[in-house]
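Counting from 8, one number per residue, gives the positions in the sequence shown under the numbering used here. Ideal placement from N, C-alpha and C gives every residue a C-beta, glycine not left out. Note sheet for the following structure.
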Amino acid sequence: YSIELMLLAVNLNFLVFSVSLDDMMGQLFALLVLTVAAAESAIGLAIFVITFRVRGTIAVEFINSIQG
8 YSIELMLLAV NLNFLVFSVS LDDMMGQLFA LLVLTVAAAE SAIGLAIFVI TFRVRGTIAV
68 EFINSIQG
């Protein structure tokens, strides 16, 4: 959760400074950060789906065997 909280804090800073300075670049950077966060979540979900298809379970004790 910590990475997501840091990304939200960065977005909030971008948006506050963008509004206070009347500059659109902060809003564009916030949108870019949200896009990267969505891609990160999609990759994590894809890893879980592939793990479930291969192993038949997503139990935590079996995920350690993925390392390699």
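Nearest-angstrom Cβ-Cβ length linking L22 and A37, presumed shorter than 8 Å: Contact holds; Cβ gap of about 5 Å.
Cα separation between V56 and A49? Cα-Cα distance, rounded: 10 Å.
CA-CA distance, N20 and R62? Their backbone Cα atoms lie some 42 Å apart in a straight line.
Specify, as a first and last residue, the run of the alpha helix (DSSP H) that T42 falls within. Looking at the DSSP string, the run of the alpha helix (DSSP H) that includes T42 is 32-62.
Inter-residue CB distance, S25 and Q34 (contact presumed, cutoff 8 Å): The pair is a contact, with the Cβ atoms about 5 Å apart (cut-off 8 Å).
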